[in-house]
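Enquirer: Questions regarding the structure given below will be posed in turn.
Protein chains: 2
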Amino acid sequence: MPSRPNLASIARTAGVSVPTVSKVIHGRTGVAESTRRRVLEIIDATGYQSPTERRLRSSGPALVDLVIGDLRDTYATMVLHGILEHARNSNVDVAISSVQSDLMHLHDADEWARRMVESGRTGLIAVTSHMTVEQHAAFVARGIPMVVIDPINTPDAELPSVGSTNWAGGKAAIDHLIELGHERIAFLGGPASAECNQARMHGYLASLMAHDIRMQPDYVRHGERFHRTAGVACARQLLALPQPPTAIFAASDSLALGVLEVARERGLDVPRDLSVVGFDGLPIVEQTLPRLTSVSQPLTDIGRTALRTLLALANGSTTEAPRVELATELVVRGSTAPPHGG
Amino acid sequence: MPSRPNLASIARTAGVSVPTVSKVIHGRTGVAESTRRRVLEIIDATGYQSPTERRLRSSGPALVDLVIGDLRDTYATMVLHGILEHARNSNVDVAISSVQSDLMHLHDADEWARRMVESGRTGLIAVTSHMTVEQHAAFVARGIPMVVIDPINTPDAELPSVGSTNWAGGKAAIDHLIELGHERIAFLGGPASAECNQARMHGYLASLMAHDIRMQPDYVRHGERFHRTAGVACARQLLALPQPPTAIFAASDSLALGVLEVARERGLDVPRDLSVVGFDGLPIVEQTLPRLTSVSQPLTDIGRTALRTLLALANGSTTEAPRVELATELVVRGSTAPPHGG
DNA sequence: CTGAAAGCGCTTACAG
DNA sequence: CTGAAAGCGCTTACAG
Numbered sequence: 034m035p036s037r038p039n040l041a042s043i044a045r046t047a048g049v050s051v052p053t054v055s056k057v058i059h060g061r062t063g064v065a066e067s068t069r070r071r072v073l074e075i076i077d078a079t080g081y082q083s084p085t086e087r088r089l090r091s092s093g094p095a096l097v098d099l100v101i102g103d104l105r106d107t108y109a110t111m112v113l114h115g116i117l118e119h120a121r122n123s124n125v126d127v128a129i130s131s132v133q134s135d136l137m138h139l140h141d142a143d144e145w146a147r148r149m150v151e152s153g154r155t156g157l158i159a160v161t162s163h164m165t166v167e168q169h170a171a172f173v174a175r176g177i178p179m180v181v182i183d184p185i186n187t188p189d190a191e192l193p194s195v196g197s198t199n200w201a202g203g204k205a206a207i208d209h210l211i212e213l214g215h216e217r218i219a220f221l222g223g224p225a226s227a228e229c230n231q232a233r234m235h236g237y238l239a240s241l242m243a244h245d246i247r248m249q250p251d252y253v254r255h256g257e258r259f260h261r262t263a264g265v266a267c268a269r270q271l272l273a274l275p276q277p278p279t280a281i282f283a284a285s286d287s288l289a290l291g292v293l294e295v296a297r298e299r300g301l302d303v304p305r306d307l308s309v310v311g312f313d314g315l316p317i318v319e320q321t322l323p324r325l326t327s328v329s330q331p332l333t334d335i336g337r338t339a340l341r342t343l344l345a346l347a348n349g350s351t352t353e354a355p356r357v358e359l360a361t362e363l364v365v366r367g368s369t370a371p372p373h374g375g
Numbered sequence: 034m035p036s037r038p039n040l041a042s043i044a045r046t047a048g049v050s051v052p053t054v055s056k057v058i059h060g061r062t063g064v065a066e067s068t069r070r071r072v073l074e075i076i077d078a079t080g081y082q083s084p085t086e087r088r089l090r091s092s093g094p095a096l097v098d099l100v101i102g103d104l105r106d107t108y109a110t111m112v113l114h115g116i117l118e119h120a121r122n123s124n125v126d127v128a129i130s131s132v133q134s135d136l137m138h139l140h141d142a143d144e145w146a147r148r149m150v151e152s153g154r155t156g157l158i159a160v161t162s163h164m165t166v167e168q169h170a171a172f173v174a175r176g177i178p179m180v181v182i183d184p185i186n187t188p189d190a191e192l193p194s195v196g197s198t199n200w201a202g203g204k205a206a207i208d209h210l211i212e213l214g215h216e217r218i219a220f221l222g223g224p225a226s227a228e229c230n231q232a233r234m235h236g237y238l239a240s241l242m243a244h245d246i247r248m249q250p251d252y253v254r255h256g257e258r259f260h261r262t263a264g265v266a267c268a269r270q271l272l273a274l275p276q277p278p279t280a281i282f283a284a285s286d287s288l289a290l291g292v293l294e295v296a297r298e299r300g301l302d303v304p305r306d307l308s309v310v311g312f313d314g315l316p317i318v319e320q321t322l323p324r325l326t327s328v329s330q331p332l333t334d335i336g337r338t339a340l341r342t343l344l345a346l347a348n349g350s351t352t353e354a355p356r357v358e359l360a361t362e363l364v365v366r367g368s369t370a371p372p373h374g375g
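These protein sequence lines map, in sequence, to chains A and B. Read left to right, the first sequence gives residues 34 to 375 (our numbering). Read left to right, the second sequence gives residues 34 to 375 (our numbering).
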């Protein structure tokens with residue numbers, strides 16, 4: 034076999050003529066099903082690329098695909114901003130799609146990967162998407178490198194991912210509330226399946242445990258999304274408990290906005306009657322009344338790092354850790370104070 | 034000349050050999066400067082496309098370029114959302130870049146257009162960018178269709194653009210304030226050069242005129258950007274006037290957020306002491322205290338329409354109007370009321 | 001359904 | 001600096 038496969042070498046291996054291979058590649062009719070299958074197998078095995086594909090990959094800026102769950106979320110926008118900044122510096126183009134996570138079934142993943150190879154795409158970054166082992170495998174099988182940012186499920190261990198120190202961030206938030214004197218602290222999470230959400234919750238549990246505070250199952254709630262409306266629903270439940278919490282740690286700033294809204298609607302003063310901590314550090318935390326204490330994530334850095342990791346993988350680097358975590362930082366603002374009642 | 038130019042036809046026209054044309058196309062050395070120029074001219078004139086370029090354009094989904102001024106602005110995000118929605122339905126891919134407007138000089142535009150042709154891009158949508166006649170010409174010259182959304186300068190008449198009824202929206206806002214009994218009404222605008230800003234201001238002036246209210250030059254301010262910080266700066270100036278306005282019409286919701294902030298810092302009650310109207314209808318207007326009366330733009334529709342227009346142009350349609358305006362709607366919320374002092 | 005033959009469009013290596 | 005010649009990789013048209 035020559036160093037680079039061409040129609041002739043594929044034809045030779047398959048024991049057919051060059052025109053037959055050409056027909057298979059272009060999906061023309063007039064090829065026996067068994068022949069077609071045999072040729073396709075060899076094409077797959079040799080990793081044949083048409084001249085167009087080859088030129089696409091070598092000439093001009095690389096083009097990476099980006100899938101984002103919901104763009105109207107400021108979180109996604111800030112990650113995107115970081116990705117685009119690094120893209121400009123690295124002379125890389127970014128093709129963006131926004132899809133509902135459930136649209137991307139296994140079949141779609143395979144079709145998607147095929148089309149990415151065809152159009153010479155360099156790799157894929159998925160932000161807050163659902164990503165199964167099979168889907169990941171579909172991309173790997175076609176040689177498309179892939180990086181995820183905060184998937185809404187727990188990804189397989191092989192899947193390269195970039196995020197922040199969610200566990201440490203959650204723990205820092207609760208440490209802060211306990212230092213202020215709180216003991217009745219609730220956790221208001223996002224999708225229970227999301228790994229980042231689980232890590233934040235386990236940071237919460239770890240802090241309680243370290244301070245010998247018993248965890249109350251009633252005080253742990255999960256929304257369907259990291260969204261304000263979910264925050265409203267869960268906060269209403271929490272504050273309607275016979276013994277409501279004196280502090281709520283929300284696993285996102287959007288959820289925390291919902292908490293502030295419910296507090297207002299119930300006439301509770303934040304932070305006098307209720308302390309609230311968010312997570313993300315979105316710009317909005319500086320605009321709320323009171324300004325929101327929040328665990329800040331370096332979102333643009335996460336975006337930048339994800340693209341850097343992807344480009345490294347595309348260049349054949351395999352030394353990258355499968356998971357990169359950037360540091361979070363608790364920023365104390367006006368929404369936390371010692372508990373009032375005691 | 035054959036129906037489709039190839040190296041042979043170009044060589045014939047230029048009076049050189051096929052290998053020489055090949056060298057010119059790939060920028061190889063060993064070609065006399067005069068020969069190179071002659072060949073390049075003919076390539077330009079005939080619109081020659083390499084087989085790779087041709088295949089790029091014909092196979093797979095079209096790929097359009099999108100340039101966005103500042104992504105962290107929710108305005109841009111919502112437009113983007115509309116574009117991506119229509120892109121998914123039309124099986125079109127979107128390559129996104131975020132650039133400071135001043136980065137795109139004339140030279141860059143030409144280079145950009147060249148690269149777009151090379152990578153088989155279908156067209157360009159520019160959101161809130163600076164776009165000169167020369168830049169537009171650079172894209173037209175290479176056959177790249179282009180659509181702009183709210184450019185921050187006044188675009189040339191030929192440039193296809195999509196926006197909303199800015200003038201009517203501005204007029205509706207002021208009509209509303211005057212109906213409430215206001216006479217001391219200020220206009221707090223964005224970049225004075227932006228056409229959308231000018232249209233909103235002229236709506237303001239038209240309403241004042243129609244109600245025989247004299248326009249006070251002191252009451253008209255322009256920020257450098259449609260941004261909260263500009264709103265803060267201008268609102269401070271307006272409220273420090275010997276006779277401050279009783280109502281402020283801000284030409285964007287972000288500017289209006291700055292006004293609310295200054296009102297709070299000066300202990301003014303909105304809407305009792307000061308009425309505020311914004312423009313855009315971003316989701317945030319439902320979250321402010323009080324909720325913000327605002328002229329709502331159909332931002333996702335604008336995005337959708339921009340892409341639809343671009344694709345129509347790319348398909349050779351020339352019947353499109355050069356300017357499409359979608360309807361705005363004044364949504365009255367809690368930030369406007371009759372003037373208190375009077 | 002298959003492939004020998006002709007051909008297209010481009011590139012490469014090299015003689016002048 | 002230029003181009004005749006050889007060749008590469010693929011496709012097309014058609015005979016069997």
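For glycine and all other residues, C-beta sits at the position ideal for the given N, C-alpha and C.
Suppose only complete runs of 4+ residues qualify. What are the alpha helix (DSSP H) ranges in the stretch 125-169 of chain B, listed by chain order?
Expert: Fully enclosed alpha helix (DSSP H) runs of 4 or longer: 139-151.
Enquirer: Near A/Val328, what residues of its chain come up, given a Cβ to Cβ distance below 6 Å and the 5 sequence neighbours on each side ignored?
Expert: So the list reads Gly202, Ala206, Phe312, Thr361, Leu363, once near-sequence residues are dropped.
Enquirer: Using C-beta distances below 7 Å, list every residue in its chain close to A/Ser134, excluding the 5 sequence neighbours before and after it, in chain order.
Expert: Note that A/Ser134 scores 49 on pLDDT, short of 50, meaning its location in the model is unreliable; the coordinates nonetheless yield the value given after this. Answer for A/Ser134: Gly102, Ser162, His163, Ile185, listed in chain order.
Enquirer: Is B/Ser308 near B/Leu157, with beta carbons less than 9 Å apart?
Expert: Their beta carbons are not under 9 Å apart, which means B/Ser308 does not touch B/Leu157 by this criterion.
Enquirer: So the candidates are A/Arg366, A/Gly336, A/Ala347; which of them puts its Cα closest to the Cα of A/Val455?
Expert: Nothing can be reported for residue 455 of chain A, as the shown portion of chain A is limited to 34 through 375.
Enquirer: If we call anything under 9 Å between Cβ atoms a contact, is A/Arg356 one with A/Pro250?
Expert: No; because the gap between Cβ atoms is not below 9 Å, this pair is not in contact.
Enquirer: Would you kindly check if the distance between the Cβ of A/Phe282 and the Cβ of A/Val310 is under 9 Å?
Expert: Yes, the Cβ-Cβ distance between A/Val310 and A/Phe282 is below 9 Å.
Enquirer: Does the CB of A/Ile185 have a neighbour CB from chain B at under 9 Å?
Expert: By this cut-off, A/Ile185 is not an interface position.
Enquirer: Does the Cβ of B/Val166 have 16 or more other Cβ atoms within 10 Å, making it buried, or fewer, making it exposed?
Expert: Answer is exposed; the Cβ neighbour count stays below 16.
Enquirer: Could you compute how far the alpha carbon of A/Ser55 sits from the alpha carbon of A/Thr79?
Expert: The straight-line gap from Cα to Cα measures roughly 15 Å.
Enquirer: For chain A, is any of its Cβ atoms less than 9 Å away from the one on B/Met8?
Expert: Here chain B comprises residues numbered 34 to 375, so residue 8 of chain B is not present and cannot be evaluated.
Enquirer: Mapping the DSSP letters down to three states, classify B/Leu274 as helix, strand or coil.
Expert: Reduced to three states, the DSSP call for B/Leu274 is coil.
Enquirer: With a threshold of 8 Å on Cβ separation, who are the neighbours of B/Met34 within its own chain once the five nearest residues in sequence on each side are excluded?
Expert: Reliability of the predicted coordinates at B/Met34 is poor, the pLDDT of 44 falling under 50, and no value is obtained from them.
Enquirer: Which chain B residues sit within Cβ distance under 9 Å of A/Leu290?
Expert: The contacting residues are Gln320.
Enquirer: Can you pull the chain B neighbours of A/Leu117, defined as C-beta to C-beta under 8 Å?
Expert: Result: Leu104, Ile129, Ser130, Ser131.
Enquirer: Using the rule of at least 16 other Cβ atoms within 10 Å of the residue's Cβ for burial, across every protein chain shown, is A/His373 buried or exposed?
Expert: When all chains shown are included, A/His373 counts as exposed.
Enquirer: At the 9 Å Cβ level, is A/Pro304 part of the contact set with chain B, yes or no?
Expert: No, its Cβ sits nowhere closer than 9 Å to a Cβ of chain B.
Enquirer: Going by C-alpha distance, which of A/Thr107, A/Asp98, A/Ala109, A/Asn122 is nearest A/Ser142?
Expert: Position check: residue 142 of chain A holds Ala in this sequence, whereas Ser was assumed. When each option's Cα is compared against that of A/Ala142, the closest is A/Asp98.
Enquirer: Against B/His114, what residues of chain A qualify as contacts under a CB-to-CB distance less than 8 Å, listed in chain order?
Expert: Near B/His114 (Cβ distances below 8 Å), the residues of chain A are Leu104, Arg105, Ser131.
Enquirer: With DSSP as the reference, label B/Val328 as helix, strand or coil.
Expert: Of the three classes helix, strand and coil, the one that applies to B/Val328 here is strand, per DSSP.
Enquirer: Reducing DSSP to helix, strand and coil, say where B/Arg254 ends up.
Expert: Of the three classes helix, strand and coil, the one that applies to B/Arg254 here is strand, per DSSP.
Enquirer: Can you name the start and end residues of the alpha helix (DSSP H) that B/Ile76 belongs to?
Expert: It spans 66-79 - the alpha helix (DSSP H) in which B/Ile76 sits, taken as one unbroken run.
Enquirer: Check whether the Cβ of B/Asn39 lies closer than 9 Å to any Cβ atom in chain A.
Expert: False, the Cβ-Cβ gap to chain A never drops below 9 Å.
Enquirer: Counting only C-beta atoms, is B/Pro331 closer than 9 Å to chain A at any point?
Expert: No - not a single Cβ of chain A is within 9 Å of the one on B/Pro331.
Enquirer: For A/Asp313, which beta-bridge partners are listed by DSSP?
Expert: DSSP, once it has assigned bridges, lists A/Ser329 as partnering A/Asp313.
Enquirer: Tell me the residue span of the alpha helix (DSSP H) that contains A/Asp286.
Expert: Run containing A/Asp286: 286-298, per the alpha helix (DSSP H) assignment.
Enquirer: Counting pairs of Cβ atoms below 8 Å between the stretch 209-226 of chain A and the stretch 268-279 of chain A, do you hit three or more?
Expert: With a cut-off of 8 Å, the stretch 268-279 of chain A and the stretch 209-226 of chain A count as touching, because enough Cβ pairs lie within range.
Enquirer: Starting from A/Phe172, follow its DSSP beta bridges and name the residues at the other end.
Expert: Bridge partners of A/Phe172: none, in fact.
Enquirer: Assuming A/Leu73 and A/Val51 make a contact with CB atoms under 8 Å, what is their CB distance in whole Å?
Expert: Actually they are not in contact, since the Cβ atoms of A/Leu73 and A/Val51 sit about 16 Å apart, beyond 8 Å.
Enquirer: A/Arg61 versus chain B: which residues are under 9 Å apart at the beta carbon?
Expert: Simply none; closest approach about 15 Å.
Enquirer: Compare the C-beta of A/Ala347 with all C-beta atoms of chain B and state if any pair is closer than 9 Å.
Expert: No - not a single Cβ of chain B is within 9 Å of the one on A/Ala347.
Enquirer: What span of residues does the alpha helix (DSSP H) with B/Ser246 cover, start to end?
Expert: According to the sequence shown, residue 246 of chain B is Ile rather than Ser. Run containing B/Ile246: none; DSSP gives neither H nor E here.
Enquirer: For chain A, is any of its Cβ atoms less than 9 Å away from the one on B/Ala120?
Expert: Cβ-Cβ to chain A under 9 Å: yes for B/Ala120.
Enquirer: What's the C-alpha gap between B/Arg341 and B/Asn199?
Expert: The straight-line gap from Cα to Cα measures roughly 21 Å.
Enquirer: Whole angstroms is fine: what's the gap from B/Gly93's alpha carbon to B/Ala232's?
Expert: Rounded to the nearest angstrom, the two C-alpha atoms are 41 Å apart.
Enquirer: On the three-pair Cβ rule with 8 Å, is the stretch 261-268 of chain B touching the stretch 288-300 of chain B?
Expert: The stretch 261-268 of chain B vs the stretch 288-300 of chain B: in contact.
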